[in-house]
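K.L.:
One structure is given below, represented as structure tokens, and several questions about it will come after.
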Amino acid sequence: MGASIPDEIERLRRELNEANWRYYVLDAPTISDAEYDRLLRRLERLEAEHPDLVTADSPTRRVGAPPAERFARVEHAVPMLSLSDVFDERELAEFDARVRKLLGRDEIDYVCEPKLDGLAIELTYEDGLFTRGSTRGDGFAGEDVTANLRTLRSVPLRLRPEGAPRLLEARGEVLLLKKDFARMNEQREEAGEPAFVNPRNAAAGSLRQLDPAVTARRPLSLFLYEIGRASREFPTHWEKLAALRDLGLRVNPRNRRCRGLAAVLDYVRETAARRNDEPYEIDGVVVKVDSEDERRRLGFVSRAPRWAVAYKLPPQEEATRVESIDVNVGRTGALTPVARLKPVFVGGVTVSNATLHNENELRRKDVRVGDTVLVRRAGDVIPEIVSVVLEKRPPDARPFVFPDRCPVCGSAAPRPEGEAIARCLGVSCPAKLREGLLHFASRPALDIRGLGDQLAAQLVESGRVREFADLYALDEEALLGLPRMAEKSAGNLLVAIAASKATTLPRFLYAIGVPGVGEATARLLAQAFPSLRALLDASEEALQRVRDVGPALAREIRTFFAEEQNRRALQHLLDAGVRPEAPPAATRGGVFAGRTLVLTGALSSMTREQAKA
Ligand code: IVH
């Protein structure tokens, strides 16, 4: 037999602590979760058999404290201050100018850090042992959440041995990663519990649980960024951060030392550009004077230091009012509820509409006309209503009644059993036609420049276009009869319409809007069936032989082409002179053979459509 029990216990603890450290601090895990669990269970068993060998800092002692009645109050020996905010580069330059003037220096060394949108906490270590964890509270006193913080695997129960100070108060932010927040909310919804509004609230709610067992189940993360009291001095903030990391505490790798304002501005711009790609929410950049000596000389004004500032990025969530709820009808007849909002500046743009996706979603969020709602727009993502601020709901607000008929043509718009989307069944619904026309003319389809929203609506409303083929019968006179149509644009449009007759089979198949057939499937279909004729007559079995076409899609395609009205509309297009040609057989070999290429952004020498071709 090998090691003695105390030795094995010691080894297991060392391995578990090492694994945590590699995972959380170095961001370079070396063992799998399963292996971690196996080691932990083995340690639990040995400790159960030998209770005399249990120590307070054992990795098994993270959960176990009984639920508290309330949190005890903790005074912060050094107050946890707040930061003054700046909102643009000019204000940041003023901050820098003030600091330079007060210190009598031309250039200042700063440390820039992402401003994490979580909950500020303090961890106290005595002789290397984690003895207390507290929330910021009002800055002077917070709540004792030691038992809860112990459950975070990123909180070491013991600091790494080399040079652990007798006393260390490490400060930082508890937060939830975006992905963990999303997963947590999914689970809550499945369990019928109310979802959290945002990661910040979820993190705060999770940490301030009277039962630590609940906190233990929440995937909270942590970064440390300051020190309160310590039995060691640090000449600079940068060295302080390095020390925290060396002691086994997690420090944000995005932090950077920046010399002078220009470097700080670079950092701010980079951070703003990267904001939505970060795994956690940030609401700005904290700019801190690096030298501790200079910090002392700068001092404080009221409750904020003169040596630091928070550069606030534009908020990605704002409150506004729902003025009405409309139901849009899409190309496929899908009914989509849309909230019309009192315009609000959020995520860098003014938002006045937000989709509510479908009836279920509308019901779930229970958005009502007159409600105050939180609107979120992150990056290029479509604006979304996060939640209703119920406290502000007007007493007369009524639940929205979803229509059972198409709001445009009045046809029945049922929602098939088990599906989320209600669809208008009207064969000549103007809304469907208008959207279909826009799709038909869109770039990856027949690429008819100049046929936009307004024109499509006018063509349909005036009755000039009742099906796609009618486009090819338009002449200058017909176009000039439309409001706001000038001779030049009418001429350009007619040229574009005529040019669209010579097209490719994949574009054509995509353009006519076969349900479930996007650009990629259209290309595969055109490869398998080199003429429209062949495709029109293809059986479901033959269709299923095409890659990506399963039984359900094969049936959809078959039904679409079997429909008499559709066949007639296609014939009319051919009669009008539209010639969908099979693309030249894919060339074998060549530089792109066997590769998947993705084109994004603007290209300098051609359009993306040209590059794709
Ligand atoms: S330093 C005196 N660094 O911002 C400086 N704070 O308004 C004390 N915060 O309560 C804070 N990220 O919750 C600092 N990298 C960071 C931060 C950060 C987020 C929060 C913190 C604090 C608030 C100050």
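In my numbering, the protein residues as written are 407 to 1019.
All C-beta atoms in this analysis are idealised placements derived from N, C-alpha and C, irrespective of residue type, glycine included.
Predicted model, so just to flag it, every value in this text is computed and none were measured.
#1: Count the other C-beta atoms from every protein chain shown that fall within 10 angstroms of the C-beta of residue 574, then say buried if there are 16 or more, exposed otherwise.
#2: Given residue 491, which residues of its chain have a CB within under 6 angstroms of its CB, disregarding the five upstream and five downstream residues?
#3: Regarding residue 714 and the ligand IVH, is the C-beta to nearest heavy atom distance less than 6 angstroms?
#4: Residue 837 and residue 814 - do their beta-carbons sit closer together than 7 angstroms?
#5: Between the C-alpha atoms of residue 889 and residue 854, what's the straight-line distance to the nearest angstrom?
#6: Residues in the same chain with beta-carbon distance under 7 angstroms from residue 935, minus the five sequence neighbours each way, listed in chain order, please.
#7: Flag this pair as yes or no: are the beta carbons of residue 571 and residue 636 separated by less than 7 angstroms?
#8: For residue 886, does the three-state DSSP call read helix, strand or coil?
#9: Looking at C-beta atoms only, is the number of pairs between the region 703 to 714 and the region 500 to 520 that lie closer than 8 angstroms three or more?
#10: Hey, would you say residue 912 sits closer than 7 angstroms to residue 928, going by beta carbons?
#11: Tell me the DSSP bridge mates of residue 751?
#12: Mind checking whether residue 517 and residue 644 have CB atoms under 7 angstroms apart?
#13: Would you tell me roughly how many angstroms separate the C-alpha atoms of residue 720 and residue 503, rounded to the nearest one?
#14: Pick helix, strand or coil for residue 627, following the three-state DSSP scheme.
#15: State yes or no: is the C-beta of residue 472 nearer than 6 angstroms to some heavy atom of the ligand IVH?
#16: Bridge partners for residue 734 per DSSP, in chain order?
#17: Between residue 497 and the ligand IVH, is the CB less than 6 angstroms from at least one heavy atom?
#18: At what residue ranges does the region 852 to 929 contain a whole run of the alpha helix (DSSP H), taking only runs of 4 or more?
#19: Can you give the Cα-Cα distance for residue 844 and residue 864, rounded to whole angstroms?
#20: Sorry if obvious, but does the Cβ on residue 592 come closer than 6 angstroms to a heavy atom of the ligand IVH?
#21: How close, in whole Å, do the beta carbons of residue 540 and residue 551 come, if the pair is a contact with beta carbons under 8 angstroms?
#22: Kindly indicate which three-state DSSP category residue 573 falls into: helix, strand or coil?
#23: Would you give the residue range spanned by the beta strand (DSSP E) that residue 637 belongs to?
#24: If I follow the unbroken beta strand (DSSP E) through residue 986, where does it start and stop?
#25: Looking only at C-alpha atoms, which of 440, 425, 450, 432 sits nearest to residue 414?
#26: May I have the straight-line CA-CA distance separating residue 987 from residue 909, to the nearest angstrom?
#27: Say the cut is 6 angstroms; is the CB of residue 521 nearer than that to a heavy atom of the ligand IVH?
#28: Starting from the N-terminal side, write out each stretch of the beta strand (DSSP E) that is 3 residues or longer and does not extend beyond the region 638 to 688.
#29: Tell me whether residue 598 is buried or exposed, calling it buried when 16 or more other Cβ atoms sit within 10 Å of its Cβ.
#30: For a quick check, are the C-beta atoms of residue 805 and residue 768 less than 7 angstroms apart?
#31: Can you pull the DSSP bridge partners for residue 717?
#32: Can you have a look at residue 418 and say buried or exposed, based on whether 16 or more other CB atoms are within 10 angstroms of its CB?
#33: What are the residues that DSSP puts in a beta bridge with residue 518?
#34: Would the beta-carbon of residue 653 fall within 7 angstroms of that of residue 566?
#35: Is it the case that the CB of residue 955 approaches a heavy atom of the ligand IVH more closely than 6 angstroms?
#36: Leaving out the 5 sequence neighbours to the left and right, which residues in its chain are closer than 8 angstroms to residue 699 when beta-carbon positions are compared?
P.N.:
Looking at the atomic coordinates:
#1: To locate residue 574, count along the sequence shown from 1; it is residue 168. Burial call: buried.
#2: On the sequence shown, residue 491 is found 85 positions in, with the first residue counted as 1. Within the same chain, residue 491 has close Cβ partners 716, 718.
#3: Walking along the sequence shown from the start, residue 714 turns up at place 308. For the ligand IVH, at least one heavy atom lies less than 6 angstroms from the Cβ of residue 714.
#4: In the sequence shown, residue 814 corresponds to position 408, counting from 1. In the sequence shown, residue 837 corresponds to position 431, counting from 1. The answer is yes: Cβ separation under 7 angstroms.
#5: Start at 1 with the first residue of the sequence shown, and residue 889 comes out as number 483. Start at 1 with the first residue of the sequence shown, and residue 854 comes out as number 448. Using only the alpha carbons, I get a separation of about 20 angstroms.
#6: Residue 935 sits at position 529 when you count from the first residue of the sequence shown. Result list for residue 935: 941, 944, in chain order.
#7: Position 165 of the sequence shown, counted from the start, is the residue given in the question as residue 571. Position 230 of the sequence shown, counted from the start, is the residue given in the question as residue 636. Taking 7 angstroms as the Cβ cut-off, residue 571 and residue 636 qualify as a contacting pair.
#8: To locate residue 886, count along the sequence shown from 1; it is residue 480. Here residue 886 sits in helix by DSSP.
#9: yes
#10: Mapped onto the sequence shown, residue 912 falls at position 506. Mapped onto the sequence shown, residue 928 falls at position 522. A contact, by the Cβ cut-off of 7 angstroms.
#11: On the sequence shown, residue 751 is found 345 positions in, with the first residue counted as 1. Paired residue(s): 756.
#12: By one-based count along the sequence shown, residue 517 stands at place 111. By one-based count along the sequence shown, residue 644 stands at place 238. Against a cut-off of 7 angstroms, the Cβ pair of residue 644 and residue 517 comes out as a contact.
#13: As a first step, residue 720 is located in the sequence shown; it is residue number 314 there, counting from the start. As a first step, residue 503 is located in the sequence shown; it is residue number 97 there, counting from the start. One C-alpha to the other measures close to 23 angstroms.
#14: As a working note, residue 627 is residue 221 in the sequence shown. Three-state result, residue 627: strand.
#15: Within the sequence shown, residue 472 is the residue found at index 66, counting from 1. No, the ligand IVH has no heavy atom inside 6 angstroms of this Cβ.
#16: The residue labelled residue 734 in the question sits at position 328 within the sequence shown. Its beta-bridge partners are 742.
#17: Residue numbering aside, residue 497 sits at position 91 when the sequence shown is read from its first letter. Answer for residue 497: no, Cβ out of range of the ligand IVH.
#18: 859 to 867, 882 to 886, 893 to 905, 911 to 917
#19: Your numbering for residue 844 matches position 438 in the sequence shown. Your numbering for residue 864 matches position 458 in the sequence shown. Near 12 angstroms, if we compare the C-alpha coordinates of residue 864 and residue 844.
#20: Your numbering for residue 592 matches position 186 in the sequence shown. For the ligand IVH, not one heavy atom lies less than 6 angstroms from the Cβ of residue 592.
#21: In the sequence shown, residue 540 corresponds to position 134, counting from 1. In the sequence shown, residue 551 corresponds to position 145, counting from 1. So it is a contact: roughly 6 angstroms between Cβ atoms.
#22: Here residue 573 refers to the residue found at position 167 of the sequence shown. Strand, per DSSP.
#23: Working through the sequence shown from its first residue, we reach residue 637 at position 231. No beta strand (DSSP E) contains residue 637, which DSSP labels as neither H nor E.
#24: As a first step, residue 986 must be located in the sequence shown, where it is residue number 580. 985 to 987 is the extent of the beta strand (DSSP E) around residue 986.
#25: Position 8 of the sequence shown, counted from the start, is the residue given in the question as residue 414. The shortest C-alpha separation from residue 414 is found at 450.
#26: Along the sequence shown, one-based indexing puts residue 987 at 581. Along the sequence shown, one-based indexing puts residue 909 at 503. Each residue's alpha carbon lies about 6 angstroms from the other.
#27: Residue mapping note: residue 521 aligns to position 115 of the sequence shown, counting from 1. The answer is yes for residue 521.
#28: 662 to 665
#29: The sequence position of residue 598 within the sequence shown is 192, counting from 1. Exposed: under 16 other Cβ atoms inside 10 Å.
#30: The residue given as residue 805 occupies position 399 in the sequence shown. The residue given as residue 768 occupies position 362 in the sequence shown. Their beta carbons are not under 7 angstroms apart, which means residue 805 does not touch residue 768 by this criterion.
#31: The count along the sequence shown starts at 1 and reaches residue 717 at position 311. In DSSP, residue 717 forms a bridge with 492, 691.
#32: Sequence index remark: in the sequence shown, residue 418 carries index 12 (1-based). Per the 10 Å Cβ criterion, buried.
#33: On the sequence shown, residue 518 is found 112 positions in, with the first residue counted as 1. 662, 693, per the DSSP bridge assignment.
#34: Along the sequence shown, read from residue 1 onward, the residue named residue 653 stands at position 247. Along the sequence shown, read from residue 1 onward, the residue named residue 566 stands at position 160. It is a contact, given that the beta carbons lie within the stated cut-off.
#35: Within the sequence shown, the letter at position 549 stands for residue 955. It does not: the Cβ of residue 955 is nowhere closer than 6 angstroms to a heavy atom of the ligand IVH.
#36: Your numbering for residue 699 matches position 293 in the sequence shown. Hits under 8 angstroms: 641.
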